[in-house]
Amino acid sequence: MSETTLESTPDVMIDLDRSAQGDLRTEEMLVNMGPQHPSTHGVLRIVLRTDGEMVLEAIPHIGYLHRCAEKIGENLQPYQYIPYTDRMDYLAGMNNNQGYALAVERLCGIQVPPRGQAIRVIFAELNRVASHLVSLGTYGLDMGAFTPFLYCFREREMILDLFEAACGARLTYSYLTIGGAHDDPPDGWVDRCREFLDYFETKIDDYNNLLSFNHIFVKRTSNVGVISLDDAIAWGLTGPCLRASGIRWDLRKILPYDGYEKYDFDVPIGRPGGTGEIPHGVVVGDCWSRYYVRVLEMTQSVRIIRQALDQLPSGDFRAPKCTSLKLPANEVYVEVENPRGQLGFLVVGDGSAIPSRVKARGPCFCNLSITTHVCRNVLLADVPAIIGSIDVGMGEVDR
Numbered sequence: 001m002s003e004t005t006l007e008s009t010p011d012v013m014i015d016l017d018r019s020a021q022g023d024l025r026t027e028e029m030l031v032n033m034g035p036q037h038p039s040t041h042g043v044l045r046i047v048l049r050t051d052g053e054m055v056l057e058a059i060p061h062i063g064y065l066h067r068c069a070e071k072i073g074e075n076l077q078p079y080q081y082i083p084y085t086d087r088m089d090y091l092a093g094m095n096n097n098q099g100y101a102l103a104v105e106r107l108c109g110i111q112v113p114p115r116g117q118a119i120r121v122i123f124a125e126l127n128r129v130a131s132h133l134v135s136l137g138t139y140g141l142d143m144g145a146f147t148p149f150l151y152c153f154r155e156r157e158m159i160l161d162l163f164e165a166a167c168g169a170r171l172t173y174s175y176l177t178i179g180g181a182h183d184d185p186p187d188g189w190v191d192r193c194r195e196f197l198d199y200f201e202t203k204i205d206d207y208n209n210l211l212s213f214n215h216i217f218v219k220r221t222s223n224v225g226v227i228s229l230d231d232a233i234a235w236g237l238t239g240p241c242l243r244a245s246g247i248r249w250d251l252r253k254i255l256p257y258d259g260y261e262k263y264d265f266d267v268p269i270g271r272p273g274g275t276g277e278i279p280h281g282v283v284v285g286d287c288w289s290r291y292y293v294r295v296l297e298m299t300q301s302v303r304i305i306r307q308a309l310d311q312l313p314s315g316d317f318r319a320p321k322c323t324s325l326k327l328p329a330n331e332v333y334v335e336v337e338n339p340r341g342q343l344g345f346l347v348v349g350d351g352s353a354i355p356s357r358v359k360a361r362g363p364c365f366c367n368l369s370i371t372t373h374v375c376r377n378v379l380l381a382d383v384p385a386i387i388g389s390i391d392v393g394m395g396e397v398d399r
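Numbering follows my numbering, with no gaps: position 300 of the sequence shown is 300.
As C-alpha cells, this is what we get:
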C-alpha cells in the first residue's frame, strides 16, 4: 500500500499543477432564498444561480399571497371594496384607501369637502412615515443592526395609537373612504398629533447616528445594487426607488390630488457621495440612496402634516350619499403617491352599482421586476441589501 502511494505521488502533483494552469472547474448551484426567509420581507421566493459567493442570476417567484383582489372588486359596491384595498399593501392601508376612493370619486363626479381632503393628507402622510419606519428598521436588521429596528418600531407604535384613536384599527383601517373620511378625528386628536410630531422630529437624528452614517452600514450599502436613471425609467420604477436614481418625480407635485398643491414641501432625490451630508463612496441609485431618500421623505411628511393641521378647515369631513352609487358607463384611471411608488386604480362602470372592471397598478410589482437585472454578478451577501432597499410589500405584488 505504501509503495502504491509513493508511486502515485508524482501523478497527483502533475494534476495539481495542471489545475493551477486553468483545468480546475467550479460548479454552479441553485439556491432558494425564501419564501420563508426574513430578508425577503414577505413570502417572496428568489432562485439564485450562484458560483461560489457570486450570484450570476436572481429570479423572483411570486404568487404566494394571491387572493383575487381585483376580481373581488368586480363583485362588490365601491364602498364595500375599501377594506380589501387595505390588504393589498398592509403597511400603507390609508394610502390604498385614498387611491381607490379617488378613482371612484372621479368616475362619479363626487367632490370631497375641504376638511375631508385635509384629513386624508394628514393620515396618508402619517402612514407614509409609519411605512418608512418599517422599511428603515427591517433594513437595518437585514444588515445586522438590531437596535434601529427597536427605535423605529417604537415611533411606529405611536402612529398606530393615533390611527387607533381615530378609527379603532392599527393595521387595516378602511378609514379614508369614498367622499372623504369615515369619521371626524376625535376631540384632542389634533393636539396629540402635534405632540407626536414634536417628539418624532428629534428621533430622525437618532436614526442617522445609529444607522444612516454608520461606517459598516455605509460600506454594506454604498455602490451596491446601483440602478441608473435610464434603467429605473425603463423598468417602470416609481417612488423612492426612482427618486434615488436622481429624478424629482412625485405625483404629489406633478399631478397633485386632495389639495397637495396647497402644501410646501421638497422632493428628496439621490445625490453622490461627498455632497452635503452624503458619505463618500455613495453612488446615485445605490442601496444607500434608496434608504436615505426614505429618511428624508419622513422629514417632508412631517412638514406637510404640520401645515395640514394648521390649515384644517371646519365643516363636513365627508360628502353625502356615497354608499348608494350608480357608476356611470365610463372608466377612469387614477394614481396616487404610495410610500413605495405610484399606486393606480382603473375603475370601469356600466351604469350599475358594481364596477364591471377593477384593475390595480401596484408600485411593488414593477419595482420588484428589476431584481433579475440588478442582482446579476453580485456577492451573495449583497442580495438581501438590494431586495431590502427596494422595499416590497408582497400583498400588493400578488394581489
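Positions of the beta carbon are idealized from the N, C-alpha and C atoms, including for glycine. Here the structure is a predicted model, which means the values were calculated and not measured.
With fewer than 16 other beta carbons inside 10 angstroms of its own, E53 counts as exposed.
In the three-state reduction of the DSSP assignment, V397 falls in the helix class. With fewer than 16 other beta carbons inside 10 angstroms of its own, P328 counts as exposed. Taking P35 as the centre and dropping the five residues before and after it, the same chain places the C-beta of V43, L44, R45, Y64 closer than 7 Å to its C-beta, in chain order.
In the DSSP annotation of this structure, R170 is not part of any beta strand (DSSP E), being labelled neither H nor E.
In the DSSP assignment, N32 forms a beta bridge with V47. Annotation for E331: L107, L346, V347, V348, G349, R357 place their beta carbon closer than 8 Å to its own, counting only its chain and skipping 5 residues before and after. When DSSP states are grouped into helix, strand and coil, E125 belongs to the helix group.
In this model, G109 and G116 are separated by some 16 Å (Cα to Cα). In this chain, L102 is not harboured by any beta strand (DSSP E); it is covered by the alpha helix (DSSP H) spanning 93-108. For T177, the secondary structure class from DSSP, reduced to helix, strand or coil, is strand.
Between F153 and the set V129, L368, K262, the nearest pair of CA atoms involves V129. Burial state of M88 is buried, judged by a 10 Å Cβ sphere holding 16 or more other Cβ atoms.
Taking C-alpha positions only, P256 is separated from Q300 by approximately 16 Å. Under DSSP, the beta-bridge partners assigned to N338 are G341. Within the DSSP bridge table, the entry for M54 names D51, L379 as partners.
Using a Cβ-Cβ distance cut-off of 8 Å, the segment 352-370 and the segment 275-287 are not in contact, since fewer than three pairs of beta carbons, one from each stretch, lie closer than that value. Within the same chain, and ignoring the five residues on either side of R294 in sequence, the residues whose Cβ sits closer than 7 Å to its Cβ are H132, S135, L136, P240. Cβ-Cβ distances below 6 Å link T238 to G341, Q342, P363 in the same chain, with the five nearest sequence neighbours on each side left out; the list follows chain order.
Short of 7 Å from the beta carbon of Y173, and not among the five residues preceding or following it, lie these beta carbons of its own chain, in chain order: D86, G93, M94, N97, F163, C167. With contacts defined by Cβ atoms closer than 8 Å, D184 and F317 form a contacting pair.
Close CB contacts of G395 within its chain, under the 7 Å cut and outside five residues either way in sequence, are with L65, R87, M88, D89, Y90 (chain order). Within 10 angstroms of the beta-carbon of M298 lie 16 or more other beta-carbons, which makes it buried.
In this structure, DSSP gives Y333 an extended state, which the three-state scheme calls strand. Sequence-distant partners of V374 (beyond 5 residues in either direction) whose C-beta falls short of 7 Å from its own C-beta, in its chain, are G225, I227, I386. By the Cβ-count criterion, G270 is buried, with 16 or more other Cβ atoms from all chains shown falling within 10 Å of its own Cβ. Counting every other CB atom within 10 Å of its CB across the protein chains shown gives M143 a total of 16 or more, marking it as buried.
8 Å or more divides the Cβ of G285 from the Cβ of A234.
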